Each structure stands twice: as C-alpha cells, then as structure tokens.
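Visitor:
Protein chains: 2
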Amino acid sequence: MPQRPNGNTSTSPTLLDVARLAGVSPSTVSRVINEPALVRQDTTEAVRRAIAQIGYTPNFVAGGLASNRSRLVAVVVPTIANSIFADTVQAINDTLSGGGYQTLVGLTGYDTAHEDELLLAILGRRPDGLILTGTVHSSASRKRLIAAAIPTVQTWDLGAAPVDMAVGFSHAEVGRATARHLHGRGHRRIGLVFATDQRAQVREAALRDELVRLGCAAPAVAHVPPANAVAFGRSGLRELMAGGARFDAVACSSDALALGVISEAAASGINVPDELAVMGFGDLDFGGFTSPALTTVHIDRAEIGRMAAGMLLSELAGQRPGDHVRDVGFSIVVRESA
Amino acid sequence: MPQRPNGNTSTSPTLLDVARLAGVSPSTVSRVINEPALVRQDTTEAVRRAIAQIGYTPNFVAGGLASNRSRLVAVVVPTIANSIFADTVQAINDTLSGGGYQTLVGLTGYDTAHEDELLLAILGRRPDGLILTGTVHSSASRKRLIAAAIPTVQTWDLGAAPVDMAVGFSHAEVGRATARHLHGRGHRRIGLVFATDQRAQVREAALRDELVRLGCAAPAVAHVPPANAVAFGRSGLRELMAGGARFDAVACSSDALALGVISEAAASGINVPDELAVMGFGDLDFGGFTSPALTTVHIDRAEIGRMAAGMLLSELAGQRPGDHVRDVGFSIVVRESA
DNA sequence: ATGAAAGCGCTAACAG
DNA sequence: CTGTTAGCGCTTTCAT
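As given, the protein sequences belong to chains A and B, one line each in that order. Going by this note's numbering, the first sequence opens with residue 2, and the numbers climb by one from there. Going by this note's numbering, the second sequence opens with residue 2, and the numbers climb by one from there.
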C-alpha cells in the first residue's frame, strides 16, 4: 500500500482533513472533540461545521494508541445464551455506557483450555478495565493479568482473595444454606444433581458437608456437564434413581437442571413437591411459569452487574472506592404455592 | 507524560523490547507473531523465548492502526437480557471467534434516540465487520454506515432492501401465516397484544390485513411497550377485555407476552386453550414449562447468528459469498398437548 | 486560545 | 529469510 503523507484519497477522512478544511491545526480539532471548553466558540463552530461537511468519524484506535486509554471494558462470562449471565452483562453494559465506556464480551463457554487465548486477545486490546466471572484458572493467565495492572473486578464468586476488586456472594454459604433449608423442612434422604463447573462444585461440597454435619447421610450425587440444559436434569434424576434408591428431596446446581428433574419426576408419576421436593439455583425467570414446586436460590444478577461496573467506573475516574469487595448476598425463595 | 523514544520504563513491554532481547529486528518479531511461516525455525524460537521471558502481550491497538484491520466485529442488538437475541449473539460470537475475530456488542435498548451515538462509538473502533438487528433508523446513521463501507449484515428482518448482506425472515409473512393459522382453526374473534417495536408492528399490520382479507373483523389491539415483560401480557389482556368484548383467540408479539396473557386468563377463570387460544412468537425455551396451550412461531435464533457471522467471515476472507440475502424462514409450532 | 512537533506500538513495502 | 524505513491517525507537551 502506498504510504501517503496525507494526500488523502479513498480512505475515510481524518482529523487532519478536518483541520485543513476548518483552517486550524490538528490539535485544535482534537480539543474541539475532547475538551471543547478549551476552545473559543467560533473556532469550535467552524470545526464542527467541517466535521459535519466531510462526515468525519473520529478514529478511536489511533486515539487510544496515542492516549493509552481505550474506553473499553472487557467482560468475560461463560455464556450468555439462556443463562443467568445475560442479565449481568446487560446491566454492566448499561452502567458502563453511561460512563462513556464500551463493552467487549468474551465468552469462555466454561472452557478453561481456551481461556488463555481469550485473555490474550482481550488484553491485546488494552482495555481500561476488566470484569471477570469467578477466578482465572491458568497461572499463566493470572500472571499476565497481574502484569497488565488493569483495574479488575471479579464477579459471582467471593471465595478466594480477589486479584483486585470483587462483587458476588459466597457459594459455600449458598451450599450450607441449602442444606439447612432442606433439613429444616424435614428432608433426610437427599439427592444431588450438580454440574461440574467450579462454582457449582463449591456449592456442592459445602452442601454435602453441612448435610453430614446435621446428621444426614452423605447425599447421592449425579454429576452433569456444565451446560444450562434441562435435559441433563432429567438424565440426572434417572441416574439417581437407577439404583432403586428413594429420595424425598433433590437439590440441583441450577434452575434448568431443577426443571429437568421436575419433568422427569412428573413423567415417572412422582408427585412434586409432596413426594419429592426439588430445589434449584439462580431464580431464572421462566415467564411466571416456573413450577409451583420449585424452591430456588435467588441472586440479583443485574445488581451484580451494576455494582461491578460501578466499582470499575469510580476506579477509572481515579476515586478508589471505599470497599473493594462487595457481598450482594442471596436468598432462598420458596415457590411452592400456598 | 515524558515521550520516551523507547527508554522503556514502567509501561508494558513492546515489540521493540522483544526484538532487542532476541537480537533481531522488530519486523522479525512481528512476523513470528503474524506469519511464522516466513521465519526460520531457530529465529522463531529465540523470539518466542524472548516473548515468554519478558511477558510480552501484543498490542492490537497499535497493530490495528498500522494494518488498518481491527479483527473486531460489532454486533448491535436491542438487548440480551431475557431475550431471543442472546442466542443469536452467542452463536455469532462462537462463529466469529473461530475465525479469529472478536465481538463488540452494542445494546440499543430499542432506543432509537441513542442509536446515533452508539453507532458512532462503534464505527470509531473501525470494526472489520458489522452485524445489525433490523434496520438502521436515522438517516444520518445510515449515511455514516454507507460511508464507512464496512461489510455489514442485517439480521432478523428481511423486509426492505439491505444495505449489504442480510439474513432473517419476513415479518410480514409471519403475520400472514399467523392469521391463516388462527383462521384455519376456526377462530374469528381475535384480539392482539403487540409491542410497539418496529418488527412487531410489521407483523401486526400483516396479521391484521390478512385477517380482514379472510373475512374476519379487524382485530382489537392492545399495544404495549417493547420490553420482554410477562406483566405487559397480563395488562394487555385486561385492556382487551375491558370493553366487555369476547375473544376466542389472542395473538401476541412475543412469547413473554403470550405467557402473561395465559396467566391473566387463568386468573380470570378463562380456560386456555378451549375458551381462548393464545399464540406467541419466538419459541423461547421456558425450560419445558411452557403452557401446553401455547402456540408459537419458531425461529432458529442461533442459526441466524451462525449464518450472519459465516457470511461476514467469507466476505472478510475476500470470497464474496454467492448469495447476500438468506431467508432462514420460520415455522408455526403447536404446543397444545395431544 | 492555538500551533508545532514528537511519538504511541506496530505493520508493510522495499531492499538486500 | 531478515533489516530499514516510513508512516497509520491521533494526543500531548511545550511554546507562543
């Protein structure tokens, strides 16, 4: 490609083109765009006219390189399809765009293997901030993250010490609360259908420990892949019952799984919740058509997003916020109709 | 900030740092990263070692400026929360990342007013491609879009002539098919609960026209805001019935609205579907707990995403794909249980 | 209030 | 196969 010292053909108009047309220097045009307060009224107007006339669109790539600020925040979540994370991402985006930032989404698909390249691709854009879901797994990535020294907030999980900021809740606490809830309602023969993603595993371990502590037998578990599929709930229940064992309650690592369990129970002629109580997690909105039998753990997903983005914004504005770790908590919601 | 002709302090390592450490020129490092085939084995290895040693993360911002390619595709959808678009965005992201591109999401919130600044923010990043939902509304934006000359695919709507590429289906055809379906099942007194977003309006108009053409009375309509809220379905049905009119079917512009209508009907002691047939749109997966009374229009949302991203990728790869407009169609799904 | 000049980190001819 | 040299389009001191 011929290097043109701006004998501008074909390519989209640049700030220099605007400057020439307006009869001012490039710096002035830059100021009109970024710091209009520093420029005289009539100059500003002349520049604005020129911008409109040639249809100039500022190039943030060049701007970012020069200023070392991208006005980009990267958000990494496992998935947004049919998922609890969609609400969080939406809330993040909304909050961020109010602060003049754009959102770059990275979807891991729960795939730890590709996490590294994803992070590399993201860090290469030099985002001003980072919002992650849970923990970064590979140590190489963690190292890179720390080296990048980008304001980062980890969401959903409040377990380990965060790299920087964090907003979420304790999954272990959810597990324990679930155990106490089920035990408190008199259930003793409890089955588990849990996905194998990291956060679900933490909830499962805590749930199991607490159950044992309360004097229950260690619960039987059906493990399923980390995907939000109702079908896995059905197969999970089948697996649990395969041995002929009987349960009076089944706890699941997500509402989708719980719905699968409920379907399977219905298909097997098991009355929910009378014969079998079913508990989920996430409190997804199934359009008001959640089964009346479903008890679940409610998380304010949008609130997590708003808080995470809010923290990041004040951090980016230079005001280190007071607290860098925020527990949004959770609550157990009983949907069994009166 | 002191302009340093690379007496590199504090800032993250650059390609030049790698080059010096490896004892090669910057171009060689660049080649190792982008075109390893052009570099000798041992040189490559030396460079790789240097990269690992100082923890170098390529700066795509600089690269993008120099090469005029961002490896970024911007996706604009109304919302991803609790929405039919989440699946499409997910599919786009998955397809794109397979081709080495990243996804920048823009969420309009059905807000035509902010569409302009959103588009400006997006175009400023100089994305290599653009995936839009439906039509660009403001003429200023449309002009900018055309001027930018970026490969663009419009999704969901196949109505007007697309700017560049398009994949979707005809909303007018959906409206007509809905009318025929309801009429064919013997319904004559039909009510409508429709959101006021553009695509829903197109469906509504066609539905109404076809109904009239078939000899029905023009249907009564309750209009609701463009949000995926079950609550609006409830209020919609109340509004329809307020005048004391009776219906044997209600068609809605989304499944969420349809679920609201069903709830409201249940609350009013109206038997669905025997007394009142209810029809939705989108075929959202409510975890298998969709009411058996719901008839809906199925759209393969993920397929739209895959196709859109696929078209874009082949376009970006320089192979102008054969067809630039793809109709993915739709189908009417009857969920009334046997 | 405005301009001149240098440079952000990288890629892309071109030469060797 | 590798190095040299010019920029990409913008921001940012530093002067004026």
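Here a beta-carbon is modelled for each residue, glycine too, at the ideal position from N, C-alpha and C. In this text, all values refer to a predicted model and were calculated from it rather than measured experimentally.
(1) So within the region 203-239 of chain A, which uninterrupted beta strand (DSSP E) runs reach at least 3 residues, ignoring any that extend past its ends?
(2) Quick test of your reading: Ala23/A and Val40/A, contact by CB under 8 Å. State the CB separation rounded to the nearest angstrom.
(3) DSSP has Asp328/A in a bridge; who is on the other side?
(4) Is Arg126/A close to chain B, meaning its C-beta is less than 8 Å from at least one C-beta of that chain?
(5) Can you tell which of Thr45/A, Arg302/A, Val164/A and Leu108/A has its C-alpha closest to the C-alpha of Ser140/A?
(6) Among residues of its own chain, excluding the 5 on either side of Ala266/B, which ones have a beta-carbon nearer than 6 Å to its beta-carbon?
(7) Under the rule that 16 or more other beta-carbon atoms within 10 Å means buried, what is Val154/B, buried or exposed?
(8) Kindly provide the ranges of any alpha helix (DSSP H) runs that are 4 or more residues long and lie completely inside the region 57-88 of chain B, ordered along the chain.
(9) Taking the alpha-carbon positions, what's the Ile85/A to Gly283/A distance?
(10) Tell me whether the beta-carbon of Arg50/B lies closer than 8 Å to the beta-carbon of Gly135/B.
(11) State yes or no: is the C-beta of Thr104/B within less than 8 Å of the C-beta of Ile305/B?
(12) So that I know if they touch, is there some Cβ in chain A lying closer than 8 Å to that of Arg70/B?
(13) Check for me: the alpha helix (DSSP H) holding Leu146/A runs from which residue to which?
(14) Is the region 68-82 of chain B touching the region 109-129 of chain B in the sense that three or more CB pairs, one from each, lie closer than 8 Å?
(15) Using beta carbons (cut-off 8 Å, strictly below), is Phe61/B in contact with chain A?
(16) Mind checking if Asn94/B is an interface residue toward chain A, Cβ cutoff 8 Å exclusive?
(17) What do you reckon, are the CB atoms on Arg222/B and Leu193/B nearer than 8 Å?
(18) Could you tell me the alpha carbon to alpha carbon distance between Thr15/A and Thr58/A, rounded to whole angstroms?
(19) Cα separation between Val1/B and Ala206/A?
(20) Given a cut-off of 8 Å on the beta-carbon distance, is the pair Glu239/B and Arg190/B in contact?
(21) Mapping the DSSP letters down to three states, classify Val419/A as helix, strand or coil.
(22) Are at least three pairs of beta-carbons, each pair with one atom in the region 115-127 of chain B and one in the region 87-99 of chain B, less than 8 Å apart?
(23) List the residues of chain B whose Cβ lies closer than 8 Å to the Cβ of Gly56/A, in chain order.
(24) Can you name the residues that DSSP bridges to Gly107/A?
(25) Could you name the residues of the region 312-325 of chain A whose beta carbon sits closer than 9 Å to any beta carbon of chain B, in the order they occur along the chain?
(26) Given Val334/A, which residues of its chain have a CB within under 8 Å of its CB, disregarding the five upstream and five downstream residues?
(27) Tell me whether Glu36/B is buried or exposed, calling it buried when 16 or more other Cβ atoms sit within 10 Å of its Cβ.
(28) For Thr29/A, count the other beta carbons within 10 Å of its own beta carbon; 16 or more makes it buried, fewer makes it exposed. Which is it?
(29) So who's on the other strand from Asp158/B, going by DSSP bridges?
(30) With H, G and I counted as helix, E and B as strand and the rest as coil, what does DSSP make of Leu193/A?
(31) Could you pull the DSSP bridge partners for Val298/A from this structure?
(32) Taking buried to mean at least 16 other C-beta atoms within 10 Å of its own C-beta, is Leu17/A buried or exposed?
(33) Check each candidate in Ser255/B, Ala20/B and Gly270/B and name the one with the smallest Cα separation from Met280/B.
(34) Give a yes or no on whether the minimum CB-CB distance between Ala122/A and chain B is below 8 Å.
(35) Are Phe195/A and His172/A close, meaning C-beta to C-beta below 8 Å?
Guide: The relevant details are as follows:
(1) 221-225
(2) Wrong, their Cβ atoms sit about 11 Å apart, outside the cutoff.
(3) Gly169/A
(4) yes
(5) Val164/A
(6) Val273 and Leu277
(7) buried
(8) 61-68
(9) 7 Å
(10) no
(11) no
(12) no
(13) Ser140 to Ala149
(14) yes
(15) yes
(16) yes
(17) The sequence given here places Val at residue 222/B; Arg does not occur at that position. It is a contact, given that the beta carbons lie within the stated cut-off.
(18) 8 Å
(19) In the structure as shown, chain B begins at 2 and stops at 339. Residue 1/B is therefore absent and cannot be evaluated.
(20) Before going further, note that residue 239/B is Arg rather than Glu in the sequence given. Not closer than 8 Å, so no.
(21) Residue 419/A is absent from the structure shown; chain A starts at 2 and stops at 339.
(22) no
(23) Lys144, Arg145 and Ala148
(24) Val77/A
(25) none
(26) Asp284, Thr296, Thr297, Val298 and His299
(27) exposed
(28) buried
(29) Phe170/B
(30) strand
(31) Ile333/A
(32) exposed
(33) Ser255/B
(34) yes
(35) no
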